[in-house]
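Take the sequence shown: its position 56, counted from the start at 1, is 56 in full-length UniProt numbering, and no numbers get skipped.
Even glycine gets a Cβ: it sits at the ideal position worked out from N, Cα and C.
Every value quoted in this text rests on a predicted model; they were computed, and no experiment measured them.
Okay, structure first, notes after.
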Amino acid sequence: VGTHLPYTAQQGVTCDLEEGLLCKGTVDATGADACWDYEVQFLCDCSRSVVSTSTSVPVTSPFPWSSTTSKPMVCEEEGWTPWYNVHFPDDQGELETLLEIRKTYTFCPDHYISEVECRPVGGGETEPFVICDKNGASCENNGEHQLCKDYEVRVLCQCECQDGLGMEDLSITDNQITASSFMTPDDQPYKA
C-alpha cells in the first residue's frame with residue numbers, strides 16, 4: 001500500500017474476476033513470506049447487481065484461506081411479478097419488505113424496479129396508514145384504532161436501469177468516490 005505496482009511485479013500472485021487477488025506466499029531470498037500488502041479495486045456497473053457466495057480454496061499453508069466469487073443478478077423477465085406475502089401481521093404490525101421477500105423468491109434487482117404495489121390479502125382498499133414504497137409494505141399497529149391487515153406486494157420490473165444508484169439526487173458523497181492509477185517507475189505521463 002502506498003506504492004502502486006501491478007500485481008504482476010511479484011511472483012506467485014494472481015488476480016482475476018473469479019478469485020480476486022491471491023498470493024501463494026512463496027518464500028523470498030531472505031526466507032521470509034513474500035506476500036506484499038495489496039489494494040484491490042472493483043468497478044460496479046449499473047446493469048448488474050452482485051450476489052456473493054463463499055467457497056474454500058485449498059492451500060498448503062497453515063492459514064485458512066477463502067475466496068469470494070460473484071454471480072450477477074440480472075433482469076430476465078419484464079413486467080409485474082406475482083403477489084408475494086411472506087409475513088403475517090403480529091403485535092407490532094405488518095412488514096412485507098422486498099429484502100425478506102428476496103430470501104424466498106427471485107425477481108429483478110432493485111435498480112430495475114419501476115413500481116411497487118401493495119394490497120390487503122383477499123382484496124380491499126389499502127389503509128391510509130400503510131406505507132407502500134420501493135422497500136415494500138409496512139404498517140405499524142398503534143394498539144387502538146389502527147390494526148394492520150395482512151398485505152401482499154408485487155413489483156414492476158423494467159429491464160433497463162431505472163435508478164441512477166444515488167447519482168441523480170447527490171446521495172453519493174465526495175468521500176465515497178475514489179480514484180487510483182497504477183504506474184511503474186518507468187512509466188511516463190501522457191499529454192492531454
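*residue 111 by DSSP, collapsed to three states: which one?*
helix
_C-alpha gap between residue 125 and residue 117, whole angstroms_ = 12 Å
_By alpha-carbon positions, which one of 82, 121 and 35 ends up nearest to residue 108?_
82
*What span of residues does the alpha helix (DSSP H) with residue 193 cover, start to end?*
Nothing in the structure corresponds to residue 193, since the chain is present only between 1 and 192.
*Residue environment, residue 12, which counts as buried when at least 16 other CB atoms sit within 10 Å*: exposed
*For residue 119, I'd like the list of residues in its chain whose CB is within less than 8 Å of its CB, leaving aside the five on either flank, ordered along the chain.*
83, 126, 151 and 152
*Taking residue 193 as the reference, which of 94, 90, 79 and 123 has the closest Cα?*
In the structure as shown, the chain begins at 1 and stops at 192. Residue 193 is therefore absent and cannot be evaluated.
*Between which two residues does the beta strand (DSSP E) harbouring residue 157 extend?*
151-157
*Alpha-carbon to alpha-carbon, residue 75 and residue 115*: 15 Å
*Give the straight-line distance between the Cα atoms of residue 146 and residue 140, rounded to the nearest whole angstrom.*
8 Å
_Helix, strand or coil, according to DSSP, for residue 8 in the structure here?_
helix
*Just the Cα atoms here: how many angstroms apart are residue 149 and residue 105?*
22 Å
_Among 121, 143, 111 and 110, nearest to residue 87 - alpha-carbon criterion_ = 121
*Local Cβ density within 10 Å of residue 39, reported as buried at 16 or more and exposed below that*: exposed
*Looking at C-alpha atoms only, which residue of 95, 134 and 93 is the closest neighbour of residue 156?*
134
*Would residue 95 pass as a contact of residue 137 if the rule is Cβ separation under 9 Å?*
yes
_Which residue wins for smallest C-alpha separation from residue 160, given the options 131, 111 and 173?_
111
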